[in-house]
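First residue of the sequence shown? That's 115 in the numbering used here, and the numbers climb one at a time after it.
First the structure, in the form of structure tokens, and then the observations on it.
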Amino acid sequence: MGARLQISAGVVQDGTRLGVGGGEAHCDGAEHEWQASGSLRLTQGIHPGPALAEAQLNEVHFSGLMPRSIETVAEDRQEIRVIGHQ
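Rendered as structure tokens:
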């Protein structure tokens, strides 16, 4: 096995980080939109208001079936506003 690309996303607010999604990325040379969402129901530290969204694209190198190393090849951060739903 060679390497695989994985994407992960999270929200950071007041010292709490909530992972909101992830998955494997397939590189075909084209740009693709990716979205993630999460529930605030069980996360007391995340609340409606300003926060920071983070996304990373990681290249995972394997030795046989085991990951040998993980290299972050791209990352982005953006200020967002968390919106609560009733």
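Cβ atoms here follow ideal geometry from the backbone N, Cα and C, with glycine treated the same way.
Because the structure is a prediction, the values reported are computed rather than measured.
Assign residue i to buried or exposed, taking buried as 16 or more other Cβ atoms, counted over all protein chains shown, within 10 Å of its Cβ.
i    : result
L123 : Here residue 123 turns out to be Ala, not Leu, going by the sequence shown. By the 10 Å Cβ count, A123 comes out buried.
Q127 : buried
I184 : exposed
V125 : buried
V187 : exposed
Taking DSSP as the reference, what is the three-state secondary structure of residue i?
i    : result
D190 : strand
G178 : coil
T130 : strand
Run through the DSSP bridge pairs and tell me what residue i is partnered with.
i    : result
A117 : H175
G124 : G133, E168
Among the candidates the options, whose CA atom is the shortest distance from the CA of residue i?
i    : options                : result
H140 : E168, I121, Q192       : I121
P164 : V196, T130, G129       : V196
I194 : E173, A167, A117, G178 : A167
Legend entry - Length-filtered (3 minimum) beta strand (DSSP E) runs lying within the segment 128 to 164: Runs found: 130 to 139.
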